[in-house]
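Engineer: Protein sequence lines, in the order shown, are assigned to chains A and B.
Residue numbers are given in this note's numbering: position 43 of the first sequence equals residue 44, and the series is strictly consecutive.
Residue numbers are given in this note's numbering: position 203 of the second sequence equals residue 204, and the series is strictly consecutive.
There are 2 protein chains.
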Amino acid sequence: MNDNKEPISPPIRFPIGIIGGTGGMGRWFAAFFEKEGHTVRVSGKDTGPRPAEMAAACPVVVVSVPIGVTQEVIRQVGPHMKKDSLLMDLTSLKAGPVRAMLASSPSEVIGLHPLFGPSVPSLGGQNIAICPARGETWLPRVRGILEGRGAKLVETTPERHDEIMAVVQVLNHLDTIAMGLAIRRGGIDHETLEAFSTPLFRGKRDMIARVFSNMDLHAEIITANPHAAKMIGLYRDVVDAVGRVAAGGDAVALAALMRTDDGPDETG
Amino acid sequence: MNDNKEPISPPIRFPIGIIGGTGGMGRWFAAFFEKEGHTVRVSGKDTGPRPAEMAAACPVVVVSVPIGVTQEVIRQVGPHMKKDSLLMDLTSLKAGPVRAMLASSPSEVIGLHPLFGPSVPSLGGQNIAICPARGETWLPRVRGILEGRGAKLVETTPERHDEIMAVVQVLNHLDTIAMGLAIRRGGIDHETLEAFSTPLFRGKRDMIARVFSNMDLHAEIITANPHAAKMIGLYRDVVDAVGRVAAGGDAVALAALMRTDDGPDETG
Chain A
2 MNDNKEPISP
12 PIRFPIGIIG
22 GTGGMGRWFA
32 AFFEKEGHTV
42 RVSGKDTGPR
52 PAEMAAACPV
62 VVVSVPIGVT
72 QEVIRQVGPH
82 MKKDSLLMDL
92 TSLKAGPVRA
102 MLASSPSEVI
112 GLHPLFGPSV
122 PSLGGQNIAI
132 CPARGETWLP
142 RVRGILEGRG
152 AKLVETTPER
162 HDEIMAVVQV
172 LNHLDTIAMG
182 LAIRRGGIDH
192 ETLEAFSTPL
202 FRGKRDMIAR
212 VFSNMDLHAE
222 IITANPHAAK
232 MIGLYRDVVD
242 AVGRVAAGGD
252 AVALAALMRT
262 DDGPDETG
Chain B
2 MNDNKEPISP
12 PIRFPIGIIG
22 GTGGMGRWFA
32 AFFEKEGHTV
42 RVSGKDTGPR
52 PAEMAAACPV
62 VVVSVPIGVT
72 QEVIRQVGPH
82 MKKDSLLMDL
92 TSLKAGPVRA
102 MLASSPSEVI
112 GLHPLFGPSV
122 PSLGGQNIAI
132 CPARGETWLP
142 RVRGILEGRG
152 AKLVETTPER
162 HDEIMAVVQV
172 LNHLDTIAMG
182 LAIRRGGIDH
192 ETLEAFSTPL
202 FRGKRDMIAR
212 VFSNMDLHAE
222 IITANPHAAK
232 MIGLYRDVVD
242 AVGRVAAGGD
252 AVALAALMRT
262 DDGPDETG
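Written as structure tokens, this is what we have:
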């Protein structure tokens with residue numbers, strides 16, 4: 002018999018406001034937080050509570066709007082946040098949004114980048130980049146909620162995050178977009194490509210479909226990254242090098258390029 | 002009670018010789034044909050029966066050697082084939098090998114391109130391109146064996162096959178190789194990329210690993226395709242166009258390119 006009078010402390014629950022909660026990721030996290038027992042308030046462009054109301058009602062406000070308007074929305078809500086509350090964003094870039102949150106709000110600040118899209122069924126095994134920027138009260142709670150459901154949190158600075166995303170997202174999406182457009186220009190119809198596809202080609206076409214199903218988001222992820230120009234240049238140089246060697250028709254030389262390519266100096 | 006005296010005709014079984022039966026695909030098909038009840042004889046570069054012996058012993062001979070030596074091996078075995086036997090190849094290109102089989106052998110001839118690698122567990126759902134080139138006795142038997150295990154056969158001419166493969170393989174591998182080399186040049190270490198990877202990036206890295214795990218094969222598939230130069234040029238043009246628009250930093254323009262790109266005239 003348990004006669005311990007001390008109550009077991011329940012998990013801390015709190016109202017969470019999601020600005021942009023009608024978009025893919027906003028909706029995903031609204032559903033997630035609700036399932037975790039938190040009260041969630043959601044606003045879209047023309048719906049739900051306005052910034053001041055949201056900040057007054059929710060100790061945690063999450064900005065989940067398109068990259069292009071993230072900083073503007075942060076500047077609208079930031080000044081209304083209380084010192085002991087938390088302002089977070091879910092944008093695919095971190096330097097600009099975190100700077101804007103620090104500048105416009107007196108609250109605690111965390112930049113978050115869930116490294117997955119709204120089609121994943123759960124947090125289990127998914128990566129989330131986290132950039133703690135101000136305050137220590139909310140950080141362990143946020144970590145607890147996300148890691149409690151199996152997310153792998155990786156802590157970094159906003160600047161380093163964007164540098165890594167220049168490879169993980171800018172390069173990757175550029176490459177996928179180029180292949181998508183090249184297939185179109187290749188002039189073989191869809192049914193024929195289906196009938197002749199290999200497992201690798203099927204996989205690539207699935208990726209292309211996912212990137213092209215949300216063109217605005219992926220175009221923003223590429224163009225808004227501060228390292229985009231460098232990565233685009235690097236990618237063009239690589240395609241140039243690979244293309245030149247491949248066009249030479251020498252399989253041994255092409256395999257050698259794959260084996261030994263270490264940078265522009267070796268191959269350019 | 003079944004008193005029908007006529008015996009149910011058993012499936013036709015015959016000895017099959019696989020030249021290059023020690024490589025990945027050769028081994029895969031050797032195991033497959035054996036499981037189907039056929040006697041399989043296998044030869045490698047310096048092992049097993051020589052071409053004349055193979056042709057004498059097996060009514061069906063399959064050439065499954067690297068692209069670069071396929072036509073040479075075909076010219077060695079072709080003249081020893083009997084008129085009522087079948088010569089096939091499994092090469093990723095079809096125009097050259099089929100021409101070589103027709104020229105060097107009096108036998109029936111079929112070009113086959115299994116559109117998968119030796120890692121698939123079965124034929125179920127896999128595509129196989131088939132180019133019937135001479136004779137009608139063996140074609141239904143080969144079709145029966147492969148389709149009986151769930152393969153989707155798609156019949157075409159050797160020339161059309163190679164044209165389609167310029168997209169399905171040349172473009173696709175070029176794109177994958179470029180991304181692999183660009184990641185290396187990007188300078189972010191493997192562990193960091195793992196920790197920050199998205200599902201799309203993980204998928205791309207799996208593809209890169211598969212293409213780079215067999216560099217010689219993939220380099221040959223690219224360089225030996227008769228349409229390679231055209232496709233490499235097309236790919237470089239696309240990367241140039243995408244890179245130029247992306248470097249402009251205008252997400253709307255990049256999304257518009259993804260939406261409307263129909264060919265070099267519209268974007269170049």
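Note that the Cβ used here is the ideal one computed from N, Cα and C, for glycine as well.
What you are looking at is a predicted structure, and each value in this text was computed from that prediction instead of being measured.
(1) On the criterion of 16 or more Cβ atoms from any shown chain inside 10 Å, does residue 123 of chain A qualify as buried, or is it exposed?
(2) Closer than 8 Å between beta carbons: that is the criterion. Which residues of the stretch 190-205 of chain B meet it against chain A?
(3) For residue 74 of chain A, does the count of other Cβ atoms within 10 angstroms reach 16, so buried, or fall short, so exposed?
(4) Decide if the stretch 176-186 of chain A is in contact with the stretch 249-264 of chain B; the criterion is three or more beta carbon pairs, one per stretch, under 8 Å apart.
(5) Straight-line CA distance for residue 265 of chain A to residue 183 of chain B?
(6) Is the beta carbon of residue 58 of chain A sitting closer than 8 Å to the one on residue 50 of chain A?
(7) Measure from the alpha carbon of residue 249 of chain B to the alpha carbon of each residue in A:114, A:225, A:245, then state which is nearest.
(8) Since residue 251 of chain B meets chain A, which of its residues come closer than 9 Å, beta carbon to beta carbon?
(9) If we ignore side chains and look at the alpha-carbon of each, how far apart do residue 131 of chain B and residue 230 of chain A end up?
(10) What did DSSP end up calling residue 147 of chain B once you bin it into helix, strand or coil?
(11) Taking Cβ positions only, does residue 116 of chain B come closer than 8 Å to chain A?
(12) Residues in its own chain within less than 6 Å of residue 107 of chain A by CB, not counting five upstream and five downstream?
(13) For residue 98 of chain B, which of B:227, B:239, B:245 has the nearest alpha-carbon?
(14) Need the endpoints of the beta strand (DSSP E) that residue 128 of chain A sits in, please.
(15) Terminal residues of the continuous alpha helix (DSSP H) containing residue 103 of chain A?
(16) Rounded to whole angstroms, what is the Cα-Cα separation between residue 16 of chain B and residue 157 of chain B?
(17) Quick check: what's the CA-CA separation for residue 268 of chain B versus residue 245 of chain B?
(18) When the Cα atoms are used, what is the spatial distance from residue 26 of chain B to residue 222 of chain B?
(19) Starting from residue 62 of chain B, trace the beta strand (DSSP E) both ways and give me its first and last residue.
(20) Could you tell me whether the Cβ of residue 349 of chain A comes closer than 8 Å to any Cβ of chain B?
(21) Classify residue 114 of chain A as helix, strand or coil using the three-state DSSP reduction.
(22) In the structure shown, what three-state DSSP assignment does residue 37 of chain A receive?
(23) Tell me the DSSP secondary structure of residue 2 of chain B in three-state form.
(24) Answer yes or no: does any C-beta atom of chain B fall closer than 8 Å to that of residue 244 of chain A?
(25) Can you confirm whether residue 124 of chain A, when its beta carbon is compared against all beta carbons of chain B, has any partner nearer than 8 Å?
(26) Tell me which residues share the same chain as residue 1 of chain A and place their Cβ nearer than 6 Å to its Cβ, disregarding the 5 neighbours each side in the sequence.
(27) Looking only at its chain, what residues have a beta carbon closer than 6 Å to the beta carbon of residue 96 of chain A, apart from the 5 residues adjacent to it on each side?
(28) Please confirm whether residue 213 of chain A has its beta-carbon closer than 8 Å to some beta-carbon of chain B.
(29) To be precise: take each residue of the stretch 77-96 of chain B, compare its Cβ to all Cβ atoms of chain A, and keep it if any distance is under 8 Å. Which residues remain?
(30) I need the straight-line Cα distance from residue 168 of chain B to residue 146 of chain A, nearest angstrom please.
(31) Below 6 Å CB to CB, which residues in the same chain sit around residue 77 of chain B once its five sequence neighbours on both sides are set aside?
(32) Which of helix, strand or coil does DSSP assign to residue 43 of chain A?
(33) Which of the three DSSP states, helix, strand or coil, is assigned to residue 24 of chain B?
(34) Using the Cα positions of residue 143 of chain B and residue 89 of chain B, report the straight-line distance between them to the nearest angstrom.
(35) Quick one: residues in its chain with C-beta nearer than 7 Å to the C-beta of residue 103 of chain A, no 5 flanking neighbours on either side, listed in chain order?
(36) DSSP puts residue 18 of chain A in a beta bridge; with which residues?
Structural biologist: To lay it out plainly:
(1) exposed
(2) 193, 194, 196, 197, 198, 199, 200, 201, 202, 204, 205
(3) buried
(4) yes
(5) The predicted model places residue 265 of chain A with a pLDDT of 45, which falls under 50 and marks its position as unreliable, so this point remains unresolved.
(6) yes
(7) A:225
(8) 220, 224
(9) 45 Å
(10) helix
(11) yes
(12) 84
(13) B:227
(14) 128-135
(15) 96-105
(16) 27 Å
(17) Confidence is the limiting factor: at residue 268 of chain B the pLDDT is only 37, short of 50, which leaves the residue's position unreliable, though a coordinate-based value still follows. Looking at the two C-alpha atoms, the distance is approximately 10 Å.
(18) 15 Å
(19) 61-64
(20) Nothing in the structure corresponds to residue 349 of chain A, since chain A is present only between 2 and 269.
(21) strand
(22) coil
(23) With a pLDDT of only 44 at residue 2 of chain B, under the threshold of 50, the placement of this residue in the model should not be trusted, and no figure is reported.
(24) yes
(25) no
(26) With chain A covering 2 to 269 only, the question about residue 1 of chain A has no answer from this structure.
(27) 159, 160, 163
(28) yes
(29) none
(30) 46 Å
(31) 52
(32) strand
(33) coil
(34) 10 Å
(35) 110, 134, 135
(36) A:42, A:62
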